[in-house]
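Once you know that position 232 of the sequence shown is 237 in this note's numbering, the rest is easy, because the numbers rise by one and skip nothing.
Using N, Cα and C, we set each Cβ at its ideal position, and we do this for glycine too.
Here the structure comes first, spelled out in structure tokens, and everything after it is commentary.
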Amino acid sequence: MSVLRPTADPTRSEWPVGLGGADPETLAQEFGTPFYVYDLDAVRGQVEALRAVMPPSFDLAYAVKANPALAVVGYLGSLGLGADVASGGELELTERAGIEPKDVVFTGPGKRDGELTAAVRAGIRAVTVESPGELARLEAISAGLGRRTPILLRAAVGPATRLERVRLVGDDGAGKFGMDGESLVDGAVRAGRSSHLDLLGLHAFGASNVLDADALAEHIEHTVSAARSLASRVGFQLRLVDVGGGLGIPYQPHEEALDLTRLGDRLRTLHDSLAADPLTRATRVLLEPGRFLVGVAGAYVARVVDRKAVGPSTVVILDGGIHNVLRPALVGLEHRLQVLTAADGHRAERPRAVTIAGPLCSGLDVFIRDSIMVPPAVGDLVAVLDVGAYGFTEAMPFFLSHPIPAEVAVMAGRAELIRPRVEPRSWLDSQRLPNW
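Structure (structure tokens):
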């Protein structure tokens, strides 16, 4: 077995984290290739590492969008995490996963009336309000149901100037998310006067996959400061500040992991500041990690079905591609790959330039290009690592009508099927030819 990027490493013999100690060939024979596998022991390790540095005033809510597999969400709920949902479907998912509504926050723009109604009826911890119009709709729905709904107002954010190699989720100041300036103040005033809205505080989310602990801490500190200022100006008790997520994982060999110790030190200073002020002594700060908790715990395993020489390079074709793991094409960054060979792992071939690609009729369907390594053989398994977040959930599984891969969870080396493989016949049978 060898780790790819930047070069092959024939000395490694352990299975990758995402397989959780399970034998990949056994999984492949049982569930078919390609398949996704999630190591729940690794998820627990990430949760424990983060909790170890969190101050007492901080709560954790898992960002369900990162990986909405019911088994994954349910496991995180069993560890005591709440949930950040961004749709009615995710809200229902958390209910099925056993997460208490009081531990759920509903974020995101464009909430439908039906989704707001479901959130109000469920009695969740808070609804994040994105606009004056959404505030008015939520107030009317709450009044119609005779409820007083706890809310957060979402603050718009601008470009994250300090954050390199980050895909902004705060929309780079374009205005899709949240309110700014007087709209935010007006929203707080209206909510404060309403008998059907209970204003808890502020929500802001700046950027995604941040590896700089100081940059993350600065965003959190700025958000808490803005929330304190808004509460002071409008005159409401600041009970909750949702600072979003953004905690990153390294995808590339040259990247350093997030310094949790440094982040924890900064957050403890913030906690002390809140605790020292009688007006914020009871204020809770909510962190919404997603990728950080589940990203490293997932692997996508596919089998080599073909191999050919093209000039000086060897091209290896897998039976799975970017229709299942879209991120490499979407953001232009390669994931780490690991070749899972026979037990001895030795081949007589010499390392050479190797490209590993999927089966799609698209030039984008490439996992690595011209990596110097011993080329995998037909029949070998290749694992795409670090796909526990924004992997299957961000895919385009119907493209070219390949089978939809199974999802498998592993704990203590024991594998359980959590979503079965779906053959094309299943969704073809659900379609109809119109009788014109």
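### CB-CB length for Val290 against Gly253, believed under 8 Å
In this structure Val290 does not touch Gly253 by the C-beta definition: roughly 19 Å separates them, more than the 8 Å allowed.
### Query
When the Cβ atoms of the region 298-318 are set against those of the region 385-403, are three or more pairs found closer than 8 Å?
Contact holds: three or more Cβ-Cβ distances are below 8 Å.
### Query
What residue does the alpha helix (DSSP H) around Tyr80 start on, and which one ends it?
Counted as a single uninterrupted DSSP element, the alpha helix (DSSP H) harbouring Tyr80 occupies residues Leu75 to Ser83.
### Message
For a quick check, are the C-beta atoms of Pro410 and Tyr80 less than 8 Å apart?
### Response
Cβ distance not < 8 Å, so Pro410 and Tyr80 don't count as in contact.
### Message
Measuring CB atoms only, is the region 305-318 touching the region 46-56, in the sense that at least three cross pairs come out at less than 8 Å?
### Response
Remark: fewer than three beta-carbon pairs, one from each stretch, lie closer than 8 Å, so the region 305-318 and the region 46-56 are not flagged as touching.
### Query
What residue from Asp375, Phe372 and Ala353 has the CA that sits closest to Ala382's CA?
The shortest Cα separation from Ala382 among Asp375, Phe372 and Ala353 belongs to Ala353.
### Message
Quick check on the DSSP output: the beta strand (DSSP E) that includes Leu157 runs from which residue to which?
### Response
Boundaries of the beta strand (DSSP E) harbouring Leu157: Thr154 to Arg159, taken from the DSSP string.
### Query
How about Thr228 and Val248: do their beta carbons lie closer than 8 Å?
Yes.
### Message
Just to confirm, is the Cβ distance from Val110 to Thr99 under 8 Å?
### Response
It is not a contact, given that the beta carbons lie outside the stated cut-off.
### Message
Can you tell me whether Val229 is helix, strand or coil according to DSSP?
### Response
Helix, per DSSP.
### Query
Taking the alpha carbon of Leu32 as the point to measure from, which residue in Glu261, Gly363 and Val306 has its own alpha carbon closest?
The shortest C-alpha separation from Leu32 is found at Val306.
### Message
Can you give me the C-alpha to C-alpha distance between Val330 and Phe397, rounded to a whole angstrom?
### Response
Roughly 6 Å between the two C-alpha positions.
### Query
Helix or strand or just coil, what does DSSP make of Gln257?
Here Gln257 sits in coil by DSSP.
### Message
Quick test of your reading: Leu433 and Phe404, contact by CB under 8 Å. State the CB separation rounded to the nearest angstrom.
### Response
The beta-carbon distance between Leu433 and Phe404, rounded to whole angstroms, is 15 Å. This is too long to meet the 8 Å contact definition.
### Query
Which one of Ala220, Gly192 and Ala218 has the shortest CA to CA distance from Leu207?
Of the residues Ala220, Gly192 and Ala218, the one whose Cα lies closest to the Cα of Leu207 is Gly192.
### Task
Inspect the CB distances between the region 89-107 and the region 318-335 and report whether three or more fall short of 8 Å.
Cβ pair count under 8 Å is below three, so no.
### Query
Is the distance from the Cβ of Asp89 to the Cβ of Val69 below 8 Å?
For Asp89 and Val69, yes; Cβs fall inside 8 Å.
### Helix, strand or coil at Phe242 [DSSP, three-state]
According to the sequence shown, residue 242 is Gln rather than Phe. Here Gln242 sits in coil by DSSP.
### Query
Straight-line CA distance for Val174 to Arg355?
The pLDDT assigned to Val174 is 43, lower than 50, so where the model puts this residue is not dependable; a value taken from the coordinates is nonetheless given after this. Cα-Cα distance, rounded: 44 Å.
### Query
From Val336 to Glu261, what does the alpha carbon distance come to, in whole angstroms?
Straight-line spacing of the CA atoms in Val336 and Glu261 works out to 19 Å.
### Message
From the DSSP secondary-structure annotation, give me the bridge partner or partners of Phe40.
### Response
Its beta-bridge partners are Val306 and Ala411.
### Query
Contact check, Thr133 vs Leu157 under 8 Å by CB: the rounded distance?
About 5 Å separates the CB atoms of Thr133 and Leu157; that is less than 8 Å, so the two are in contact.
### Task
Report yes if the CB atom of Gly87 is closer than 8 Å to the CB atom of Arg130, and no otherwise.
Taking 8 Å as the Cβ cut-off, Gly87 and Arg130 qualify as a contacting pair.
### Task
Quick one: measure Cβ to Cβ for Ile361 and Ile377, integer angstroms, because I've assumed they're closer than 8 Å.
About 13 Å separates the two Cβ atoms, so there is no contact after all.
### Query
Under 8 Å between the Cβ atoms of Val309 and Gly384?
In this structure, Gly384 lies closer than 8 Å to Val309 by Cβ.
### Query
Which residue spans inside the region 104-131 form an unbroken alpha helix (DSSP H) run of at least 4?
118-127, all fully within the region 104-131.
### Task
Would you identify the three-state DSSP class for Arg426, choosing helix, strand or coil?
Three-state DSSP puts Arg426 in coil, outside helix and strand.
### Query
What span of residues does the beta strand (DSSP E) with Val321 cover, start to end?
It spans Ser318 to Leu323 - the beta strand (DSSP E) in which Val321 sits, taken as one unbroken run.
### Task
Inspect the beta-carbon positions of Val379 and Ala27 and report whether they are closer than 8 Å.
No Cβ-Cβ contact shorter than 8 Å links Val379 with Ala27.
### Message
Per the DSSP calculation, Glu354 is bridged to which residue(s)?
### Response
None; Glu354 has no bridge partner.
### Endpoints, beta strand (DSSP E) assigned at Gln445
Outside the shown range of the chain, which is 6 to 441, sits residue 445, and nothing can be said about it.
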